[in-house]
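Q: Okay, handing you the structure first.
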Amino acid sequence: LGTMILKKMAKIKPDLDKANIESLEYEHRLAVLLLKKVGLIEHLNHLDARVTSYLRLHALQTTLVAELYSAQHIMYRGLSFGFFLLALTLAANVFRMPSVSFEQTMLPFISLVLCLAAFRRAVSFRRWRYREILLSFYHLAIGEQQTQNNGAASKQAAD
């Protein structure tokens, strides 16, 4: 989603003033809102940093949830590495023992399966973090946009 948004931002940049947010699709709306709120972003790393800092100013609870996902990502990544080291150690242990049993041959495979499961879980928590950040930014920016539109409409009605 992030790279797609960056490509759409580059395409929309010249037509930013003409863009009607209500008539656009979700990705285009998100790109327009990102351009208006945080400016043009060249790299995906910068997108995360700018949007996170914007959310820290306007919606602190969201960044806490995103950081929780990041912490869980780091925890599962460490767990995955630990299971990988255990699998290597158990595989090396098979060659050191004079007699090989069924358990000694199966434990490295079980550890590798647990390593892959923990790694997949780590990747999913990382995706959830990015999804949380972008969706929270989108809803916050849309809410601000609607508040501005409602304020302008009520001001015109008063005149």
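For what it's worth, this note's numbering labels the leading residue of the sequence shown as 3, then goes sequentially.
Glycine residues also receive a C-beta, built at the ideal position from the N, C-alpha and C atoms.
Pull up the distance between the alpha-carbon of T91 and that of S113, whole angstroms please.
A: Within the sequence shown, residue 91 is the residue found at index 89, counting from 1. Within the sequence shown, residue 113 is the residue found at index 111, counting from 1. Straight-line Cα distance between these residues: approximately 10 Å.
Q: Starting from V67 and walking both ways along the alpha helix (DSSP H), at which residues does that stretch end?
A: Residue 67 sits at position 65 when you count from the first residue of the sequence shown. Segment 62-98, the alpha helix (DSSP H) holding V67.
Q: Beta-carbon separation of Y28 and V40 under 7 Å?
A: Your numbering for residue 28 matches position 26 in the sequence shown. Your numbering for residue 40 matches position 38 in the sequence shown. Cβ atoms of Y28 and V40: not closer than 7 Å.
Q: In this structure, does DSSP put V102 in helix, strand or coil?
A: As a first step, residue 102 must be located in the sequence shown, where it is residue number 100. V102: coil per DSSP, three-state reduction.
Q: Would you call S103 buried or exposed, if buried means 16 or more other Cβ atoms sit within 10 Å of its Cβ?
A: Along the sequence shown, one-based indexing puts residue 103 at 101. S103 comes out exposed.
Q: Quick one: grab the DSSP three-state call for E44.
A: Locating residue 44 in the sequence shown gives position 42, where the first residue counts as 1. Here E44 sits in coil by DSSP.
Q: Does the Cβ-Cβ distance between S138 and T64 come in under 7 Å?
A: Here residue 138 refers to the residue found at position 136 when the sequence shown is read from its first residue. Here residue 64 refers to the residue found at position 62 when the sequence shown is read from its first residue. Yes, they are a contact pair.
Q: Apart from the five residues on each side of it in sequence, which residues of its chain come closer than 7 Å, Cβ to Cβ, to C117?
A: Within the sequence shown, numbered from 1, the residue matching residue 117 stands at position 115. So the qualifying residues of the chain are S82, F85, F86, A89.
Q: Can you check whether the CB of L49 is closer than 7 Å to the CB of I43?
A: In the sequence shown, residue 43 corresponds to position 41, counting from 1. In the sequence shown, residue 49 corresponds to position 47, counting from 1. Taking 7 Å as the Cβ cut-off, I43 and L49 qualify as a contacting pair.
Q: What is the rounded straight-line gap between the Cα of N152 and the Cα of L136?
A: Position 150 of the sequence shown, counted from the start, is the residue given in the question as residue 152. Position 134 of the sequence shown, counted from the start, is the residue given in the question as residue 136. Looking at the two C-alpha atoms, the distance is approximately 24 Å.
Q: Is DSSP giving E27 helix, strand or coil here?
A: Your numbering for residue 27 matches position 25 in the sequence shown. Coil, per DSSP.
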